[in-house]
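A quick write-up on the structure given underneath.
There are 2 protein chains.
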Amino acid sequence: MTPSNTATPSNTAPTSNADTQATLAELAERAAKLDAANALAYTRERFLIPPNLVYLDGNSLGVLPAAVPAAVEDAVHRQWGNGLISSWWDEGWWEAPLRIGELIAPLLGAAPGQVVAGDSTSVQLFNTLTAAARLRPGRRVLLTDPGHFPTDAYLTDSVAELLNLEVQRVPAPEAPAVLAEIGGDVCVVSYPIVDYRTGERWDLPGITRAAHEAGAVVLWDLCHGAGAMPIGLDEAEVDFAVGCTYKYLSGGPGSPAYVYIAARHHDAVRHPLAGWNGHADPFAMQDAYKPAYGIARARIGTPPMLSLLTLQAALSAFDGVDLKELRAASLSLTGFFIECCDAALAELGFEVATPRAAERRGSHVALRHRDAVRLVPELAQRSVVCDKREPDVLRFGFNALYNTHDDALKAVRALRDLVG
Amino acid sequence: MTPSNTATPSNTAPTSNADTQATLAELAERAAKLDAANALAYTRERFLIPPNLVYLDGNSLGVLPAAVPAAVEDAVHRQWGNGLISSWWDEGWWEAPLRIGELIAPLLGAAPGQVVAGDSTSVQLFNTLTAAARLRPGRRVLLTDPGHFPTDAYLTDSVAELLNLEVQRVPAPEAPAVLAEIGGDVCVVSYPIVDYRTGERWDLPGITRAAHEAGAVVLWDLCHGAGAMPIGLDEAEVDFAVGCTYKYLSGGPGSPAYVYIAARHHDAVRHPLAGWNGHADPFAMQDAYKPAYGIARARIGTPPMLSLLTLQAALSAFDGVDLKELRAASLSLTGFFIECCDAALAELGFEVATPRAAERRGSHVALRHRDAVRLVPELAQRSVVCDKREPDVLRFGFNALYNTHDDALKAVRALRDLVG
Numbered sequence: 000m001t002p003s004n005t006a007t008p009s010n011t012a013p014t015s016n017a018d019t020q021a022t023l024a025e026l027a028e029r030a031a032k033l034d035a036a037n038a039l040a041y042t043r044e045r046f047l048i049p050p051n052l053v054y055l056d057g058n059s060l061g062v063l064p065a066a067v068p069a070a071v072e073d074a075v076h077r078q079w080g081n082g083l084i085s086s087w088w089d090e091g092w093w094e095a096p097l098r099i100g101e102l103i104a105p106l107l108g109a110a111p112g113q114v115v116a117g118d119s120t121s122v123q124l125f126n127t128l129t130a131a132a133r134l135r136p137g138r139r140v141l142l143t144d145p146g147h148f149p150t151d152a153y154l155t156d157s158v159a160e161l162l163n164l165e166v167q168r169v170p171a172p173e174a175p176a177v178l179a180e181i182g183g184d185v186c187v188v189s190y191p192i193v194d195y196r197t198g199e200r201w202d203l204p205g206i207t208r209a210a211h212e213a214g215a216v217v218l219w220d221l222c223h224g225a226g227a228m229p230i231g232l233d234e235a236e237v238d239f240a241v242g243c244t245y246k247y248l249s250g251g252p253g254s255p256a257y258v259y260i261a262a263r264h265h266d267a268v269r270h271p272l273a274g275w276n277g278h279a280d281p282f283a284m285q286d287a288y289k290p291a292y293g294i295a296r297a298r299i300g301t302p303p304m305l306s307l308l309t310l311q312a313a314l315s316a317f318d319g320v321d322l323k324e325l326r327a328a329s330l331s332l333t334g335f336f337i338e339c340c341d342a343a344l345a346e347l348g349f350e351v352a353t354p355r356a357a358e359r360r361g362s363h364v365a366l367r368h369r370d371a372v373r374l375v376p377e378l379a380q381r382s383v384v385c386d387k388r389e390p391d392v393l394r395f396g397f398n399a400l401y402n403t404h405d406d407a408l409k410a411v412r413a414l415r416d417l418v419g
Numbered sequence: 000m001t002p003s004n005t006a007t008p009s010n011t012a013p014t015s016n017a018d019t020q021a022t023l024a025e026l027a028e029r030a031a032k033l034d035a036a037n038a039l040a041y042t043r044e045r046f047l048i049p050p051n052l053v054y055l056d057g058n059s060l061g062v063l064p065a066a067v068p069a070a071v072e073d074a075v076h077r078q079w080g081n082g083l084i085s086s087w088w089d090e091g092w093w094e095a096p097l098r099i100g101e102l103i104a105p106l107l108g109a110a111p112g113q114v115v116a117g118d119s120t121s122v123q124l125f126n127t128l129t130a131a132a133r134l135r136p137g138r139r140v141l142l143t144d145p146g147h148f149p150t151d152a153y154l155t156d157s158v159a160e161l162l163n164l165e166v167q168r169v170p171a172p173e174a175p176a177v178l179a180e181i182g183g184d185v186c187v188v189s190y191p192i193v194d195y196r197t198g199e200r201w202d203l204p205g206i207t208r209a210a211h212e213a214g215a216v217v218l219w220d221l222c223h224g225a226g227a228m229p230i231g232l233d234e235a236e237v238d239f240a241v242g243c244t245y246k247y248l249s250g251g252p253g254s255p256a257y258v259y260i261a262a263r264h265h266d267a268v269r270h271p272l273a274g275w276n277g278h279a280d281p282f283a284m285q286d287a288y289k290p291a292y293g294i295a296r297a298r299i300g301t302p303p304m305l306s307l308l309t310l311q312a313a314l315s316a317f318d319g320v321d322l323k324e325l326r327a328a329s330l331s332l333t334g335f336f337i338e339c340c341d342a343a344l345a346e347l348g349f350e351v352a353t354p355r356a357a358e359r360r361g362s363h364v365a366l367r368h369r370d371a372v373r374l375v376p377e378l379a380q381r382s383v384v385c386d387k388r389e390p391d392v393l394r395f396g397f398n399a400l401y402n403t404h405d406d407a408l409k410a411v412r413a414l415r416d417l418v419g
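Sequence order for the protein chains is A and B. Just so we're aligned, residue 0 is where the first sequence starts under numbering that gives the first Met the number 0, counting upward by one. Just so we're aligned, residue 0 is where the second sequence starts under numbering that gives the first Met the number 0, counting upward by one.
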């Protein structure tokens with residue numbers, strides 16, 4: 000890649016002044032030093048990043064892991080093409096959702112036997128929220144986030160209709176106080192670990208504790224957090240969690256989701272999507288549903304094996320990665336990006352919408368700008384990929400497994416060129 | 000392949016007698032003539048069948064279509080690897096469930112705009128059965144098959160619990176009479192087009208008509224029929240149908256399912272799995288669910304794109320295929336197989352469990368034998384792949400796009416060698 004300190008001649012940024020250029024030069028030096036000192040630099044080679052692309056949309060779709068193509072070819076030619084039906088057993092297809100669940104579990108801070116992969120986040124949300132609410136019969140309130148991702152909102156309303164419950168929407172910071180007040184009516188408390196627009200990280204242990212003190216159970220949506228930071232589900236005594244795998248886990252477009260159910264709930268949960276893959280003895284073809292032992296009961300139907308095996312290969316990008324180190328690298332990237340924005344973009348009408356306090360950040364940074372919708376494709380033309388949330392948000396996702404401080408600075412320089 | 004008339008020297012079948020051997024020799028001649036005259040013989044080249052394998056389990060997992068490997072490589076390297084997030088629009092990922100639904104529609108006898116692909120059959124069953132039942136409020140009975148595939152049975156019970164309905168299980172041949180009697184209480188009538196064990200084909204138009212006369216709606220499970228025969232959903236005025244794509248559609252292990260909803264119901268259906276992909280304006284990120292226009296409202300969450308694109312490529316094996324011709328070829332194969340069984344296996348304790356009347360057959364033939372469980376792996380060692388349903392059923396699935404009469408005879412010879 001081009002060294003960042005030669006990327007943008009000063010005469011291409013019309014509004015630039017000598018001070019800003021000096022600051023950008025300093026930041027370029029800092030970026031080079033930070034990238035050189037990055038303990039996780041070795042993982043970038045685990046991904047096939049298109050040359051000269053600054054890809055800051057791993058919070059929507061992670062880049063292609065280098066281990067994937069060979070795994071897919073093997074799955075198609077040898078396992079399906081030659082093994083055919085026997086691969087359900089001989090290649091471990093039948094156990095794949097559980098095996099892949101075990102690969103995801105450490106990324107969530109979950110002991111073995113509590114995570115299974117499959118279906119979409121939407122399906123997992125519906126199935127898990129219904130099962131969770133059934134654990135607290137008589138309690139009529141689902142407490143959730145007014146800013147939750149839309150599919151969470153829609154499926155919460157749908158579950159409420161089916162179970163005759165009431166949905167109350169309370170911003171995450173206020174949830175503990177509300178639980179202290181009306182918690183006796185609440186069956187499930189359902190929040191995202193990171194707000195999908197602003198990148199603000201919510202207090203998973205605190206909200207979980209408040210829910211438990213009120214006698215409720217929690218369901219966390221980990222889509223915008225897992226793979227970018229330690230989650231600590233077991234440590235926080237979380238009850239349920241779901242998440243996708245195509246963002247920071249780089250499992251590929253629409254790769255299967257996962258569900259976590261704390262072991263203490265396994266015997267009691269009853270899922271509405273009582274599909275035959277979750278049966279205690281699926282090939283006995285019994286007339287009545289009898290759920291499997293443990294997390295296997297959260298399986299539903301026959302899973303999309305090629306997408307699952309792709310995900311399995313993709314997860315090898317995390318081999319040997321310490322999640323605390325990953326989180327530190329992620330915070331360094333997002334912190335540096337915010338610093339660059341402050342130095343070079345604030346004067347051009349950009350506002351950082353993500354908290355500056357490290358502990359309150361996820362792994363993407365949201366900038367507000369009145370021209371956000373127009374800027375995203377213009378950035379893409381300059382080989383900087385981010386995404387938008389209408390009306391005025393640009394999101395820059397940082398995956399510390401492959402992004403660099405140089406990426407962060409290049410994105411800021413490109414924005415400055417476009418707006419300045 | 001080895002010519003079938005030299006496949007089994009008479010001294011390897013201890014119980015054979017001169018008459019049976021003469022009959023087998025005649026059958027071998029017939030097989031050769033039938034295969035030579037097969038108008039669909041050209042489609043066999045559209046599949047990558049392992050050399051010398053007699054694969055009669057396409058009713059569980061179809062063989063690898065020749066168009067798949069290049070399509071998968073393109074999806075992984077160019078679309079995901081290089082196109083990244085832009086492929087959701089530039090490569091038509093977002094529209095893929097609808098586009099693939101349109102490829103499936105003609106196989107079901109469905110006019111455009113009524114089929115969408117995605118999720119598993121189990122998820123589609125739950126979502127569709129709930130939506131169907133909601134169309135008939137006040138009617139409390141779900142009428143279904145006591146011999147239905149287990150996941151249909153389990154999910155019917157689950158929907159009944161959620162909606163406070165009652166499940167009545169009546170064999171398909173008795174369903175019209177029962178509907179004439181108690182039909183006023185029935186909301187949904189739910190049957191498979193072909194029994195998964197015996198291969199018996201049920202009367203889709205007749206049961207549909209009886210259901211409508213009673214004021215109920217129908218939901219057909221097409222898993223064991225679609226891709227092997229014309230289905231005629233529109234012609235029979237079917238309301239709802241679901242099915243998988245990994246059997247006769249050869250979409251790959253666990254490839255996404257599909258759902259058909261007759262256009263006349265589109266405005267009224269309300270799905271419990273109200274995921275954001277089915278929203279009228281998904282990227283507006285609205286707080287409340289507003290279903291999309293038409294069949295798009297049956298979309299749920301983000302679909303497994305690699306498995307979907309694999310399915311899309313696989314469906315090209317049907318290009319130009321006339322379904323009536325396909326059905327005739329299928330019946331020729333299953334009829335010939337039954338004839339071979341009668342001639343060479345009846346004396347060895349095998350009983351044909353599939354109806355002999357052509358119009359009552361699907362595309363697999365079930366044989367009962369006390370040693371079924373042992374015979375399936377022993378057949379596989381002789382390169383004949385079928386499957387079992389405990390305790391005593393062997394199933395031989397015929398996909399007329401790639402199976403031959405020679406396959407049928409080889410399977411019978413191999414069974415005779417093992418048991419005779």
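No residue lacks a Cβ here, since even glycine has one placed at the ideal position from N, Cα and C. As the structure is a computational prediction, the values presented were derived from the model and not from experiment.
Note the first and the last residue of the continuous alpha helix (DSSP H) segment covering residue i.
| i | result |
| --- | --- |
| C340(B) | 322-343 |
| H363(A) | No alpha helix (DSSP H) contains H363(A), which is instead part of the beta strand (DSSP E) from 363-367. |
| P191(A) | First-last for P191(A): 185-191, but that is the beta strand (DSSP E), not the alpha helix (DSSP H). |
| T309(B) | 304-313 |
| G242(A) | Segment 239-242 is the beta strand (DSSP E) holding G242(A); no alpha helix (DSSP H) there. |
| V268(A) | Note, V268(A): premise wrong, no alpha helix (DSSP H); not H, not E. |
Using CA atoms only, rank isn't needed, just tell me which of the options is closest to residue i.
| i | options | result |
| --- | --- | --- |
| V53(B) | V375(B), G419(B), R388(B) | V375(B) |
| R298(B) | A104(B), V67(B), G117(B) | G117(B) |
| S85(A) | G57(B), A69(B), V75(B), A95(B) | G57(B) |
| A235(A) | A279(A), G250(A), L218(A) | L218(A) |
| A114(A) | V258(A), W87(A), A345(A), F336(A) | One point to set straight first is that residue 114(A) is Val, not Ala, in the sequence displayed. The shortest C-alpha separation from V114(A) is found at V258(A). |
| G300(B) | L307(B), Q311(B), H278(B), G274(B) | G274(B) |
| L124(B) | L221(B), A104(B), S59(B) | L221(B) |
| K246(B) | A313(B), G100(B), A213(B), R139(B) | A313(B) |
| S254(A) | E212(B), T143(B), T42(B), M304(B) | M304(B) |
| H368(B) | V383(B), C385(B), G348(B), P354(B) | G348(B) |
| A215(A) | A69(A), W92(A), P136(A) | P136(A) |
| S293(A) | L60(A), G277(A), A104(A) | The sequence as given places Gly at residue 293(A); Ser does not occur at that position. Answer by Cα proximity: G277(A). |
| D266(B) | C243(B), P281(B), L248(B), A291(B) | A291(B) |
| L310(B) | S382(B), P96(B), I48(B) | P96(B) |
Pop quiz: residue i and residue j are said to be a contact at Cβ under 8 Å. What is the actual Cβ separation, rounded to whole angstroms?
| i | j | result |
| --- | --- | --- |
| L128(B) | V177(B) | In fact, because the Cβ distance is near 19 Å, the residues do not count as touching under 8 Å. |
| L39(B) | L325(B) | 7 Å |
| D405(B) | A36(B) | No, D405(B) and A36(B) are not in contact; Cβ-Cβ is about 13 Å, not under 8 Å. |
How would you write the range of the beta strand (DSSP E) that residue i sits in, first residue to last?
| i | result |
| --- | --- |
| E165(B) | 165-168 |
| R394(B) | 392-396 |
| K387(B) | 386-388 |
| D220(B) | 216-220 |
| T22(B) | No beta strand (DSSP E) contains T22(B), which is instead part of the alpha helix (DSSP H) from 17-36. |
Taking all protein chains shown into account, decide if residue i is buried (16 or more other Cβ within 10 angstroms of its Cβ) or exposed.
| i | result |
| --- | --- |
| N464(B) | The structure shown has nothing for residue 464(B), since chain B only spans 0 to 419. |
| F395(A) | buried |
| E165(A) | exposed |
| K32(B) | exposed |
| R263(A) | exposed |
| F336(A) | buried |
| G80(A) | buried |
| A210(A) | buried |
| A12(B) | Model confidence at A12(B) stands at a pLDDT of 44, short of 50, so the residue's coordinates are unreliable and nothing is read from them. |
| F282(A) | exposed |
- Task: Using a Cβ-Cβ cut-off of less than 9 Å, list which residues of the segment 175-201 of chain B approach chain D; keep chain order.
- Result: Among the protein chains of the structure shown, namely A and B, there is no chain D.
- Task: Within the segment 57-137 of chain B, note down every full alpha helix (DSSP H) run reaching 4 residues or more, in order along the chain.
- Result: 67-72, 86-89, 95-107, 120-133
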